[in-house]
Each structure stands twice: as C-alpha cells, then as structure tokens.
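A.B. asks: My structure is below; once you've seen it, I'll send some questions.
Number of protein chains: 2
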Amino acid sequence: MLEVLYTYFERSFPLTEGDKSLIQSVVLMRSLKRSEFLVRQGEVARHGAFVTKGILRSYVIDNRGREHIIQFAPENWWISDKNGMSEGTPSSFFIDAVEDSDIILIDMKGHETLLEKLKGYAESFRAGIQRRAIAKDHRIVSSLTASAEERYVDFLETYPSIAQRVPQHMLASYLGITPETVSRIRKQASLKK
Amino acid sequence: MLEVLYTYFERSFPLTEGDKSLIQSVVLMRSLKRSEFLVRQGEVARHGAFVTKGILRSYVIDNRGREHIIQFAPENWWISDKNGMSEGTPSSFFIDAVEDSDIILIDMKGHETLLEKLKGYAESFRAGIQRRAIAKDHRIVSSLTASAEERYVDFLETYPSIAQRVPQHMLASYLGITPETVSRIRKQASLKK
DNA sequence: TTTCGTTCTTGATCTACATCAATGGGTACG
DNA sequence: CGTACCCATTGATGTAGATCAAGAACGAAA
Chain E
1 MLEVLYTYFE
11 RSFPLTEGDK
21 SLIQSVVLMR
31 SLKRSEFLVR
41 QGEVARHGAF
51 VTKGILRSYV
61 IDNRGREHII
71 QFAPENWWIS
81 DKNGMSEGTP
91 SSFFIDAVED
101 SDIILIDMKG
111 HETLLEKLKG
121 YAESFRAGIQ
131 RRAIAKDHRI
141 VSSLTASAEE
151 RYVDFLETYP
161 SIAQRVPQHM
171 LASYLGITPE
181 TVSRIRKQAS
191 LKK
Chain G
1 MLEVLYTYFE
11 RSFPLTEGDK
21 SLIQSVVLMR
31 SLKRSEFLVR
41 QGEVARHGAF
51 VTKGILRSYV
61 IDNRGREHII
71 QFAPENWWIS
81 DKNGMSEGTP
91 SSFFIDAVED
101 SDIILIDMKG
111 HETLLEKLKG
121 YAESFRAGIQ
131 RRAIAKDHRI
141 VSSLTASAEE
151 RYVDFLETYP
161 SIAQRVPQHM
171 LASYLGITPE
181 TVSRIRKQAS
191 LKK
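So the sequences go chain by chain: E and G. Using our numbering, you'd call the opening residue of the first sequence number 1 and step up by one each time. Using our numbering, you'd call the opening residue of the second sequence number 1 and step up by one each time.
Given below as structure tokens:
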C-alpha cells in the first residue's frame, strides 16, 4: 500500500530510501468496508487520509436532515477532516467509504515532521492546497450559475472515473440536485446521440 | 498605512521593530480609485494584496458575459490572484476596487522571505488558508441547497459590514441571484418587522 | 436648472427544477 | 425460491426565482 503513496510523492519530487523510512514512521494504514466511517460527527481526529484503493466521501448533514457531499476521494487523493466545515456550523461532518477502501493516515504531528524533514513535501503540499482552492472557486461559481445539466456534464468531464464508480444519488447530492433530475438529464443526453 | 498591517499581524503574533523593517522591505503600497483594476485578465501578477482602506472584489466573467463575484475584501482582508480560477478555465479573472482603497502588495518572493524569517507568519498564514477553505465549503453547500433568502440572510449575518457598503447588484452577483430578487427579499424582510 | 448614469423597485410572465407518487429492476438474505 | 430493500426511472404537478419591461430615486456634472 505504501508504494502507492511513494509513487504519488515521486510525481512531485524524488524520494530516497531514507525518505521512505521517514514516511513510513509517521503514517498508519487502515482498511474500510463499504459505508464504514472514518470520521463520525464529533470525533474530530485531525488527520489526513490518503486513499490507495477505493473511494471515500466527506459530507455534511444540514439542519433539515439532508446529506450534502463535499468531496469524493478516489485513489491518489487526500481527504481530511481539517477542511470541511467542522467549525461553528450546526451541521455534522462525516467521512465514510463509498467502496471497500485502503487508506493511509497521517496526523498533524506527522505532517509537521514531513514539512520539516522531507525536502519537496512542503512545496508539493502548498501546490495541492492551491489547486484545491481553485477547484472550490470553480465549483462555487458553477453552483451559483450553471444549470443542473451543465454541472452534470462538467462533472463527467472533470472527474470521469469518479462519475462511473459512484451511485447516482451521491452524484446528485454532490451536484446539489435531486436523483430524479440526474436520471432525466441522462435520459435526454442518451437521446441526443 | 503600514500600521494597519502591523496591527493585523500582532493579533496573531508579536512584532519587533526589526520585524517591521523586514515587512516594510518586502511590500509595496498603492492606492486605487473606485472601479480601478488591480488585476486585469491576463496580467497575472502573482501577488497578494492586503486592504488597509476601502473594499476590493475579485470576480470572473463567464462565457455568457456574466460577472460572478468570488470574494469581497474590506479592510484587514487579503485578496490574491493566486487563488481565483486563473487556471485552465475559459473565463477571465479580475480584481478591482469597489470604493477608493489603499492596499499593501506583497509578491511571491516577499511572501517566501516572511515565511522563512518572520516567526509566527507561517503559522498565521496556514491558519488563514484553512479558515478560507472552511468558508468556501460553507459557501458551496449553501449555494447548492439554501434558498435565495437564506443565503441573503446568511450573508448579512456573516458579513454585516460588507453588506452595508457594497451595491446591491454586487451582493446579488456574489450570492448568485438577480438584483430584482434581492430587492424583493429586502422588501419582504422589512414587511415582516 | 437640466441631463445623464447608476442603483433600486415593482409588476407580469416563463421555466427549470423540486416534490410527490408509482413502478420496475437488481441484489442480498431469510 | 420468494421477500425485502435499495436504487433508478417516469409521470404529474407546484413553485422559486429568472427574465423582460418599465419606471423612480439619487447624485454628479455642467
């Protein structure tokens, strides 16, 4: 499992054997069954999870009891309980597995160790944060102004692999539309061709 | 003007006189008239701006020619062309002044200098990034699911000072609704009281 | 003062999407 | 094997908010 993480890092910067040992010393490995929780409301574990197999999702439940998916994390993605809306809001924050998944956990302390000792990590981390901020701005604008169909098509183009692996009602939840509407959009799209 | 920035930092960590000189050596000060641009499409200046007086806004123009405001930045806020959607998208990214404003500019190199030499800056910067990520998640969920009225009320509660200083059509643009709808919401709200 | 630009208001219509409700298919489990 | 549960589909209806259109209020410029 660790190999997947090494390879991920090596796309940004080279790793020595020593680096690999360092990484190994600050992470934990874990498996999750489908629909098993990594983070439940309240237990703010303050760590990041890197997915090596499967897909996780983070979501909130608003005060009307509805689920809203914040993020999907398939292989080679990070997902974290530090982001999300764990603060202030009356809603609850969850992370669970969409499929059976394998993940690598790193806590705040381990993260700081890598920031300090692993050359290239800090820069790679910063770039990741930035990429994500841009993606969020994109999603904000798109959710404020694009039609349901446009958002659906946009998602398919941006994350084709995720779209195929996730149940449609979750996709609907991510896009902020109802499952019925997703179904109708798909039907129309298939008729057009 | 620099005093405002010093005070801002000192809410997070103390500054020596030497720190202040260091800061002064890496920033630039500038004034903007109402509706004057800080960043126009294309000229990606790659720096951050700290507002000491006035309000700036960042926005994109989508392929249908509509403006969408990403962020307002009043006094004591940062605004940056590094975030935003300057990447990949066919839309254009702008920053301009809503009111006559004074700002302090810092470029990437200056930022790195402070990260390295100004104790407390890195942590404060990281915390800011995180706060903003949380705010963005909040805005995403809210734009996907809350009604126009709920989003309006939410904005008033979250940013009362901004709401009073910004023209309503900009507020509408930020919220992703039409100016007409904002007007009707306000009317209804006033009738309820 | 008049003129002009900007912002806000109000009304009439239209439409995308939610909601409600029923049905059918797939898969797990007794 | 049938029963049950989850998920996707399809139709009928309702509604929030966009769009179109026409003023009204305000300040700035001359």
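Yeah, the Cβ is synthetic: ideal placement off N, Cα and C, and Gly gets one too.
In angstroms, rounded to a whole number, what distance separates the CA positions of G:I162 and E:P14?
C.D. replies: Locating residue 162 of chain G in the second sequence gives position 162, where the first residue counts as 1. Locating residue 14 of chain E in the first sequence gives position 14, where the first residue counts as 1. In a straight line, the C-alpha of G:I162 is about 46 Å away from that of E:P14.
A.B. asks: Let me know if G:T52 comes out buried or exposed under the rule of 16 or more other beta-carbons within 10 Å of its beta-carbon.
C.D. replies: Here the question's residue 52 of chain G lines up with position 52 in the second sequence. Flag for G:T52 reads buried.
A.B. asks: Can you tell me whether DSSP reads G:A146 as helix, strand or coil?
C.D. replies: On the second sequence, position 146 is the one that residue 146 of chain G refers to. Correct three-state label for G:A146: coil.
A.B. asks: Under a Cβ-count criterion, where at least 16 other Cβ atoms within 10 Å of its own Cβ denotes burial, should E:L28 be classed as buried or exposed?
C.D. replies: Locating residue 28 of chain E in the first sequence gives position 28, where the first residue counts as 1. Exposed, by the Cβ-count rule.
A.B. asks: Quick check: is the beta carbon of E:I23 nearer than 8 Å to any beta carbon in chain G?
C.D. replies: Position 23 of the first sequence, counting from 1, holds the residue named residue 23 of chain E. For E:I23, the answer is no, since every Cβ of chain G falls outside 8 Å of its Cβ.
A.B. asks: As an exercise, report each continuous beta strand (DSSP E) stretch of at least 3 residues that is fully enclosed by the region 28 to 69 of chain E, in chain order.
C.D. replies: The qualifying runs are 37 to 39, 47 to 53, 56 to 61.
A.B. asks: What are the uninterrupted segments assigned as alpha helix (DSSP H) that are 4 or more residues long and contained completely in the region 112 to 168 of chain G, given in chain order?
C.D. replies: Correct list: 121 to 145, 148 to 158, 160 to 165.
A.B. asks: Taking E:D19 as part of the alpha helix (DSSP H), name the residues at either end of that continuous run.
C.D. replies: Taking the first sequence and counting its residues from 1, the one referred to as residue 19 of chain E is at position 19. 17 to 26 is the extent of the alpha helix (DSSP H) around E:D19.
A.B. asks: Hey, how far is the Cα of G:Y6 from the Cα of G:S101?
C.D. replies: Within the second sequence, the letter at position 6 stands for residue 6 of chain G. Within the second sequence, the letter at position 101 stands for residue 101 of chain G. Taking the straight line from one Cα to the other gives about 18 Å.
A.B. asks: In whole angstroms, give me the CA-to-CA distance for E:K193 and E:Q164.
C.D. replies: Residue numbering aside, residue 193 of chain E sits at position 193 when the first sequence is read from its first letter. Residue numbering aside, residue 164 of chain E sits at position 164 when the first sequence is read from its first letter. Residue placement at E:K193 is flagged as unreliable, the pLDDT there being 49, under the threshold of 50; the coordinate-derived value follows with that caveat. Answer to the nearest angstrom: the Cα atoms are 19 Å apart.
A.B. asks: Within 10 Å of its beta-carbon, does G:Q168 have 16 or more other beta-carbons around it, so buried, or fewer, so exposed?
C.D. replies: Here residue 168 of chain G corresponds to residue number 168 of the second sequence, with the count starting at 1. Exposed, since its Cβ has fewer than 16 Cβ neighbours within 10 Å.
A.B. asks: Considering just the uninterrupted stretch of the alpha helix (DSSP H) at G:F9, what are its terminal residues?
C.D. replies: Here the question's residue 9 of chain G lines up with position 9 in the second sequence. Unbroken alpha helix (DSSP H) run through G:F9: 2 to 10.
A.B. asks: Cα-Cα, which of E:A146, E:M170, E:F155 is closest to E:L56?
C.D. replies: Here residue 56 of chain E corresponds to residue number 56 of the first sequence, with the count starting at 1. Closest option to E:L56, Cα to Cα, is E:M170.
A.B. asks: Taking 8 Å as the limit between beta carbons, can you name the residues of its chain near E:E67, skipping five residues before and five after?
C.D. replies: Along the first sequence, read from residue 1 onward, the residue named residue 67 of chain E stands at position 67. Within the same chain, E:E67 has close Cβ partners Y59, V60, I61, S173.
A.B. asks: With DSSP run on the structure shown, which of helix, strand or coil describes G:I95?
C.D. replies: Taking the second sequence and counting its residues from 1, the one referred to as residue 95 of chain G is at position 95. DSSP places G:I95 in strand when its eight states are reduced to three.
A.B. asks: Are E:V39 and E:F94 touching if we call contact CB-CB under 8 Å?
C.D. replies: Looking up residue 39 of chain E in the first sequence gives position 39. Looking up residue 94 of chain E in the first sequence gives position 94. Result yes, Cβ atoms of E:V39 and E:F94 sit closer than 8 Å.
A.B. asks: Run through chain G and tell me which residues come within less than 9 Å of E:H111, C-beta to C-beta.
C.D. replies: For the purposes of this step, residue 111 of chain E is taken as residue 111 along the first sequence, with counting starting at 1. Per Cβ cutoff of 9 Å: no residues; E:H111 is ~11 Å from chain G at best.
A.B. asks: So does the region 147 to 159 of chain G actually touch the region 115 to 131 of chain G, counting three or more Cβ pairs closer than 8 Å?
C.D. replies: No contact exists between the region 147 to 159 of chain G and the region 115 to 131 of chain G.
A.B. asks: Below 7 Å, is the gap between the Cβ of E:D100 and the nearest heavy atom of the ligand ATP?
C.D. replies: Ligands displayed in this structure: none; no statement on the ligand ATP is therefore possible.
A.B. asks: My output table needs one value for E:S86: the three-state DSSP class, helix, strand or coil.
C.D. replies: If you number the first sequence from 1, residue 86 of chain E lands on position 86. Bear in mind that the predicted position of E:S86 carries a pLDDT of just 49, short of 50, making it unreliable; the figure below should be weighed with that in mind. Here E:S86 sits in coil by DSSP.
A.B. asks: Should E:H47 be flagged as near chain G, meaning a C-beta pair shorter than 8 Å?
C.D. replies: In the first sequence, the residue the question calls residue 47 of chain E occupies position 47. No, E:H47 lies away from the interface with chain G (no Cβ there is under 8 Å from its Cβ).
A.B. asks: List the residues that DSSP assigns as beta-bridge partners of E:I106.
C.D. replies: For the purposes of this step, residue 106 of chain E is taken as the residue at position 106 of the first sequence. E:I106 pairs with E:V27, E:G48.
A.B. asks: Which residue from G:S142, G:K109, G:F50 puts its Cα closest to that of G:S80?
C.D. replies: By one-based count along the second sequence, residue 80 of chain G stands at place 80. The shortest Cα separation from G:S80 among G:S142, G:K109, G:F50 belongs to G:F50.
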